[in-house]
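J.:
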Amino acid sequence: MSKEIKFNEETLALCHKMMKRYPEGKHKSAIIPILHIAQAEFGGWLSPEVMDYVASILKIQSIEVYEVASFYSMFNLQPVGKCVLDICRTSSCWVRGAEDVVKHLEKKLGIKAGETTKDGMFTIKMVECLGSCGTAPMLQCGASYHENLTLDKVDKLIEDYRTAGKQRSYTDLDYKNTL
Amino acid sequence: MGRKLLIHNDKVPNIHTLEVYRQNGGYASVEKALKTMTPEAVVEEVKKSGLRGRGGAGFPTGMKWSFLAKPPGVERYLVCNADESEPGTFKDRYLMEKIPHALIEGMITSSYALGAKTSYIYIRGEYFYVARILETAIEEAYAAGLLGKNILGTDFSHDCYVQVGAGAYICGEETALLESLEGKRGNPRIKPPFPAIAGLYGCPTVVNNVETIAAVCPIINMGGDEYAKIGIGRSTGTKLISASGHINKPGTYEIELGIPVEEFIYSDEYCGGIINGRKLKAVVAGGSSVPVLPAELILKTDKGEPRLMTYESLSEGGFISGTMLGSGGFIVYDETTSIVKNLYTFARFYHHESCGQCSPCREGTGWMEKILHRIIEGHGKPSDIDLLWDIQRKIEGNTICPLGDAAAWPVASAIRHFRKEFEAYINHPEKIKDAMPII
Ligand SMILES: Cc1cc2nc3c(=O)[nH]c(=O)nc-3n(C[C@H](O)[C@H](O)[C@H](O)COP(=O)(O)O)c2cc1C
Ligand code: SF4
Ligand code: FES
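Note that the protein sequences, when read in sequence, are chains L and H.
Counting in the numbering used here, the first sequence tops out at residue 179, every number present.
Counting in the numbering used here, the second sequence tops out at residue 1439, every number present.
1) Within a Cβ cutoff of 6 Å, which residues of the same chain sit near residue 1154(H), ignoring the five residues on either side of it in sequence?
2) For residue 1016(H), which of helix, strand or coil comes out of DSSP?
3) Looking at the C-beta of residue 23(L), does it have a partner C-beta in chain H at a distance below 8 Å?
4) Please name the residue, chosen from 95(L), 99(L), 91(L), that lies closest to residue 1287(H) on a Cα-to-Cα basis.
5) Which residue wins for smallest C-alpha separation from residue 22(L), given the options 1382(H), 1271(H), 1411(H), 1182(H)?
6) What is the DSSP secondary structure of residue 1035(H), counted as helix, strand or coil?
7) Does the structure place the segment 1237 to 1255 of chain H close enough to the segment 1040 to 1056 of chain H that three or more beta carbon pairs sit under 8 Å?
8) What are the residues of the segment 59 to 86 of chain L that lie near chain H, defined by any Cβ-Cβ distance shorter than 7 Å?
9) Would you say the beta carbon of residue 1066(H) comes nearer than 7 Å to a heavy atom of ligand 5?
10) So who's on the other strand from residue 1087(H), going by DSSP bridges?
11) If we define contact as Cβ-Cβ less than 8 Å, is residue 1126(H) a contact residue for chain L?
12) For residue 1(L), does the count of other Cβ atoms within 10 angstroms reach 16, so buried, or fall short, so exposed?
13) Mind checking if residue 1(L) is an interface residue toward chain H, Cβ cutoff 8 Å exclusive?
14) Out of curiosity, what's the CA-to-CA distance linking residue 1323(H) and residue 60(L)?
15) Kindly indicate which three-state DSSP category residue 1282(H) falls into: helix, strand or coil?
16) Excluding the 5 residues flanking residue 1253(H) on each side, which residues of the same chain have their C-beta closer than 6 Å to its C-beta?
17) Residues around ligand 2, please: the ones whose beta-carbon is closer than 6 Å to some heavy atom of it, in chain order.
18) Relative to ligand 1, is the shortest distance from any of its heavy atoms to the C-beta of residue 1207(H) smaller than 7 Å?
19) Exposed or buried, which one is residue 1059(H) when buried takes at least 16 other CB atoms within 10 Å?
20) Counting only Cβ-Cβ distances shorter than 8 Å, please list the residues of the segment 1306 to 1335 of chain H near chain L, keeping chain order.
21) For residue 31(L), does the three-state DSSP call read helix, strand or coil?
22) Verify the CB distance criterion: does residue 1438(H) have a CB-CB separation below 8 Å to chain L?
23) Residues in the same chain with beta-carbon distance under 7 Å from residue 1343(H), minus the five sequence neighbours each way, listed in chain order, please.
24) Does any CB atom of chain H fall closer than 8 Å to the CB of residue 92(L)?
25) So residue 130(L) contacts chain H; which residues on that side make the cut at Cβ distance below 8 Å?
26) Quick one, which residues of the segment 93 to 124 of chain L are near chain H if we go by CB-CB under 8 Å, in chain order?
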């Protein structure tokens, strides 16, 4: 990775602001929000170096960060594409055609679920229920929910991401306006 | 039309803004509670209302609140459970997305009742855009003097924060949620001590579901006795039901507890019937963790009485012929559905989500997934059905948290009510192998 692993001042200030949401000495509580920021800032995944950096901000041991990062399914511990397509595979989505969506995407992108395209644009990731069962089938990319999917909609989505995604990573969360 | 108390304003334009929310009567419960009632009186109204936790277990909220320890000089916390990861459940998302102030209002009124100076809303990480909506609502509330120091000029001060998770169903279990909020892995704690004694940072804590907290507002506004008049027996008030699967109108509905299940499935006000005019096969009435029931048992109890949408009626007959209201995640399956393959999606889910602390859950969920996989692949053995039965029985009741039970019940109920379908898969794999493919 060419980019130096360091937040800019604004982002660092945001981290310190978040750490103040908890009582004195309990700032470790901010670990999940800060890992989300780190993942968005440093290429969509958490390398050991990135986790060490987060540990240094929180003034805790690196192992404490590894422990947490490896527990939660939204944290990627391996490199991923610019657009991670999280496809729900649980019951309500399955009965409404999630299977067709996955097969269509696998064919279209030439990869299997769990893999990343050679150009580094797309990763297909199978996930469990995302609370969108009434608008199944669905997929999530970054902070966006794409619901009531049809194969046409999926095609359109991929085209849009192909064009726009060259400028922007869709694994990003717009955290600056949120956290 | 039934009465609605939580999402009656969901179609009002800009109801997500503080201005429109207040124009429609919003924050009345904060005014009333903080200015005219003692905290004890607020708890008393909630007790009278008969409100039961809307997160799944249905424990009486007023009683839970009265268990909260109050040692002098020790902070107390209110934590809102917005983890909403139970498959089939998306009602909290609807409420928070459409009417975020309904939750913030409930957080303030409830925190006043509990004497909590700080509260956290723990929301699943995938609902990031909903977290953003809540943050905006909280900022508006601070600017209007509804949060922060001396709310509405009273002595009560309160801070409320949103905390995002990062993808883990188990963090909906309240002690796992607290661990996660403390910045750790989401491993459920051994109880006792219960959160009411030692919760967040070791302090007395109440954890309540989004809908439970939002329901406190109408209860304070109308009075607990009035609220308790809605519903039947110990199932008082209204309930949000998120309906999905093979129905014409999936979505989130607010019902008066007590309407017949049949009306909920077939009337145009709610689910609007089964898609393509097909026949109903089965229903999971309260999220993936509750027993699945075949059509005849979900519409009528085994005594032949119409099944109602209440805690009691849905569980009538115990696990032999009944189920649970659970989280209100209502999944409907039509006659084309393969129960065995559907069960496989659940078994895979629980195996994926087991935190791994207890061996019956960690190993048992893995075995159940594996055995179901070989059955749907056409390699099942006749002894597999009994093996599955045996494994789920060994998990149930033998684990630190209820996820183990939640993984066992769908398996037990599918075998109990649809054993023939398992046998068909095992005895004639060539006939069903290609029906409803699975990832
Ligand atoms: C595995 C598991 C997952 C749970 N998930 C949720 C959830 O997503 N939301 C929720 O409110 N309660 C969930 N619960 C129930 C909580 O532990 C707790 O009972 C609830 O938040 C209490 O709030 P209530 O009394 O208002 O329902 C879950 C329980 C278990 C065992
Ligand atoms: S029952 Fe399962 S999820 Fe719950 S603590 Fe044990 S291993 Fe973890
Ligand atoms: S089952 Fe796919 S979002 Fe719930």
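Glycine included, C-beta positions come from ideal geometry on N, C-alpha and C.
Predicted model, so just to flag it, every value in this text is computed and none were measured.
T.: Let's see:
1) 1034
2) coil
3) yes
4) Nearest Cα to residue 1287(H) within the set 95(L), 99(L), 91(L): 91(L).
5) 1182(H)
6) helix
7) yes
8) 67, 68, 71, 72, 73, 74, 75
9) Among the ligands present in this structure, namely ligand 1, ligand 2 and ligand 3, ligand 5 is not found.
10) Residue 1087(H) is not bridged to any residue.
11) yes
12) Reliability of the predicted coordinates at residue 1(L) is poor, the pLDDT of 48 falling under 50, and no value is obtained from them.
13) With a pLDDT of only 48 at residue 1(L), under 50, the local geometry of the prediction cannot be trusted, and the value read off the model is given with reservation. Chain H contact via Cβ: absent.
14) 46 Å
15) strand
16) 1241, 1270
17) Cβ-based neighbours of ligand 2 within the cut-off: 1170(H), 1188(H), 1354(H), 1355(H), 1356(H), 1357(H), 1358(H), 1361(H), 1362(H), 1399(H), 1400(H), 1401(H), 1403(H), 1404(H).
18) Correct: residue 1207(H) has its Cβ closer than 7 Å to ligand 1.
19) exposed
20) 1329, 1331, 1333
21) DSSP, reduced to helix, strand and coil, places residue 31(L) within a helical segment of the structure shown.
22) yes
23) 1372, 1410, 1411, 1414
24) yes
25) 1126
26) 94, 95, 96, 98, 99, 102, 113
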